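One structure below.
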Amino acid sequence: MNDVTNDQNNKFQSYMKRAWVIYALLTVVVILILVFLVASDNEERFFFTIMPAAAAYVLRPTDRYIEKLVFKYTGVSKPSENE
Numbered sequence: 237m238n239d240v241t242n243d244q245n246n247k248f249q250s251y252m253k254r255a256w257v258i259y260a261l262l263t264v265v266v267i268l269i270l271v272f273l274v275a276s277d278n279e280e281r282f283f284f285t286i287m288p289a290a291a292a293y294v295l296r297p298t299d300r301y302i303e304k305l306v307f308k309y310t311g312v313s314k315p316s317e318n319e
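Counting from 1, position 44 in the sequence shown corresponds to residue 280 in this note's numbering; the numbering is continuous, with no gaps.
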């Protein structure tokens, strides 16, 4: 029974890491689009480099929300805390 719990925990942790990597990559893509397509001078390039990263950090989704999305798209739920 413990192997099943460990396997579920490992899968869940793996999917959580993937979700955060996707979130980080989307942030980088937004930054690149703003810097290379929207900004017209060096001041705007600097602003569009710093501010989306800061906004992504401040407005990052909670772990509870990410857990719901992981369950929705993969079917793997967070294992119970009772061990």
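Glycine included, each C-beta is placed from N, C-alpha and C at the ideal position.
Only a predicted model underlies this, so the values are computations on that prediction, with no experimental measurement involved.
Residue i versus residue j - alpha carbon distance
i	j	result
Val274	Val257	25 Å
Met287	Arg300	25 Å
Ala290	Phe284	10 Å
Lys304	Gln244	15 Å
Val264	Asn242	33 Å
Pro297	Val266	17 Å
Residue i, enclosing alpha helix (DSSP H) - first and last residue
i	result
Leu305	Asp299 to Thr310
Pro288	Asn278 to Val294
Distance between beta carbons of residue j and residue i, contact taken as under 8 Å
i	j	result
Ser316	Phe307	Rounded, the Cβ-Cβ distance is 14 Å, inconsistent with contact.
Val271	Arg281	5 Å
Pair within 9 Å by beta-carbon distance, residue i and residue j
i	j	result
Tyr251	Ala292	no
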